[in-house]
Every structure is written in structure tokens, then in C-alpha cells.
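Encoded as C-alpha cells, the structure appears first; notes follow it.
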Amino acid sequence: MKKLLLIASVVLMGVGVNAQEFRFGPKAGFAMSTMKIDEKQDDLGARKMSPKYTFYVGGMAEYKINDNFGLQAEVLYSPLGAKEKIDGVNAGVVFVGEQTKVELGTILVPVSAKYFFTENISVAAGANFGVILTAKQKTVVGSDFISIDVEGEDGSGEVDIKKDIKKLNIAPFVGVEYMLENGLFFDARYSLGVSNLSNDGSGGKVTNSFAQIGVGFKFGGN
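Counting in my numbering, the sequence shown runs without a single skipped number right up to 1654 at its last residue.
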């Protein structure tokens, strides 16, 4: 984790930061996370779990090299993951059966290059370096309205699966940003998980991808 933060700092500060071109500030928003499991991981074959709707929060720093190009690094926290409904039936619009939710408490360090079409509109491309701090799985049996936790290790219904999940999740991303004159900005991006997170020795592959829509505020600049 310390190495990732150091890399992000060097990228931004090692280019001779000018106070008029350097901006920083907080950001937060909504995230939609999914996980994909290949055929070696499960007898059901390759499948994509349903989205988990969650949040992210953290900070960013941006350095504009010139009017059109810049670099940006961030440190964010997000409880990513996915959910799945299995071994059940749909009684009309109500699901009855087993539901499993996976949550990956992740520190994200996105590093990107930015192109500014105007002072206010830019696009970005880069990579998200995710460090998975916690990994939990919770299974409940029942319907969409009434459910019972399947006992976990501590009776809460949650099972710690950190030993089965690798720590590093690398996800290339593309995004777009719109900034107002006062420093308030809105952005959206999609990160495609390419790292195999499976660490259970089965030879299968598990990936985590996610989309983000958020808002933030930039201090500094002109």
C-alpha cells in the first residue's frame, strides 16, 4: 500500500509542480460493482454476478502540464463486490431461494493521464490499483422480503473469505469530467478488472469491474 501511495505522489510531484497548475480536493460518489467467475471456478460455468450498488469516498490531486494535458492521482475507499441469487425460483416477481453477497473493502489508487478539450471538459485514461483490505461473503435463505442468515463464523451470517481473495486488483479505466468555474466537478468512469482475484487454488478466474459517478471540489489553480 505504501508503495502505491509513493508512486501516485511521485507521478504528480516529480514533474515540478506549479501552484497555478496544481489542484487538489475531496471527491465522493456512487459505484456499481460486478464480479465475473469463469467456468473453472464453478460447475455452473462462466457467469457474471449481479451488481452491488455502493459508494466511494476519498481525495484527488491534479497537475496540468499545459492547456491540454494533465496528470491525476487519487486515493479512495470503496466496499466493492457483487451479489447473486441461486438455487431458487421466481414466484412471480418475488425471488425465493438463496442469495449470496460478496463485499471487498478496497483502497483504490487511480492514476491517469487527462486531455482537456476546454478548461471545463476533460477525458481521462489510466489504471486503478486496488488494495483489498477485507473480503466477506454473506449468504441468506428466503425471499426478497423475508430472509434468514446462514450462520457464519461469528453467528452474523458473514464469512471471512480474505484468504481466498488476492490483495491486488488492477483495473484499467476511462472517464470523463466536467468542472464548473468555482472548482466543483462531476465525473464518471468505468474500470475493467483484469486481475485474477481467486486465491483458492482451483485454477479458476474471478475479476471485479466497476463503474463510478461522483462529485468533488478542486482547490488551487488560477
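Glycine included, C-beta positions come from ideal geometry on N, C-alpha and C.
Close-in-space but distant-in-sequence residues of the same chain around residue i (CB under 8 Å, 5 per side omitted)
{"i": "N1552", "result": "Y1610, M1611, L1612, E1613"}
{"i": "N1628", "result": "K1598, K1637, V1638, T1639"}
{"i": "F1651", "result": "R1455, F1456, G1457, G1615"}
{"i": "I1482", "result": "Per the sequence presented here, residue 1482 reads as Ser, with Ile not at that position. T1466, A1514, K1515, E1516, K1517, listed in sequence order."}
{"i": "N1565", "result": "Rather than Asn, the amino acid found at residue 1565 in this sequence is Leu. Taken in chain order, the residues that qualify are G1537, T1538, I1539."}
C-alpha distance - residue i paired with residue j, whole-angstrom precision
{"i": "S1554", "j": "T1466", "result": "26 Å"}
{"i": "G1490", "j": "R1455", "result": "15 Å"}
{"i": "Q1644", "j": "S1634", "result": "31 Å"}
{"i": "F1548", "j": "A1557", "result": "12 Å"}
{"i": "T1571", "j": "L1508", "result": "27 Å"}
{"i": "G1461", "j": "M1492", "result": "13 Å"}
{"i": "V1484", "j": "K1468", "result": "The question names Val, but residue 1484 is Lys in the sequence shown. Those two C-alpha atoms are separated by around 13 Å."}
{"i": "G1607", "j": "K1515", "result": "25 Å"}
{"i": "K1728", "j": "E1590", "result": "Any property of residue 1728 remains undetermined from this structure, which presents the chain solely from 1433 to 1654."}
{"i": "G1653", "j": "P1542", "result": "21 Å"}
{"i": "A1463", "j": "S1641", "result": "10 Å"}
N-terminal and C-terminal residue of the beta strand (DSSP E) that residue i is part of
{"i": "K1468", "result": "1454-1469"}
{"i": "K1496", "result": "1484-1496"}
{"i": "D1592", "result": "1590-1592"}
{"i": "S1641", "result": "1638-1649"}
Simplified DSSP state of residue i, which is helix, strand or coil
{"i": "D1619", "result": "strand"}
{"i": "K1595", "result": "helix"}
{"i": "E1506", "result": "strand"}
{"i": "F1549", "result": "coil"}
{"i": "E1613", "result": "coil"}
{"i": "G1607", "result": "strand"}
{"i": "G1625", "result": "coil"}
{"i": "G1558", "result": "strand"}
{"i": "N1601", "result": "strand"}
{"i": "G1652", "result": "strand"}
{"i": "S1544", "result": "strand"}
{"i": "S1630", "result": "strand"}
{"i": "D1474", "result": "Low confidence applies to D1474: its pLDDT is 49, below 50, so where it sits in the model is not reliable, and the reading given next is rough at best. Reduced to three states, the DSSP call for D1474 is coil."}
{"i": "G1529", "result": "strand"}
{"i": "G1635", "result": "coil"}
Same chain, Cβ closer than 6 Å to residue i, neighbours up to 5 away in sequence not counted
{"i": "G1562", "result": "T1538, L1540, N1601"}
{"i": "R1621", "result": "F1605, G1607, Q1644"}
{"i": "K1533", "result": "K1515, K1570"}
Close beta carbons around residue i, own chain, < 7 Å, minus the five adjacent residues each side
{"i": "K1496", "result": "E1453, G1502"}
Distance cut-off 7 Å: residue i Cβ against heavy atoms of the ligand MN
{"i": "F1549", "result": "Within the structure as shown, the ligand MN is missing, as the structure has no ligands at all."}
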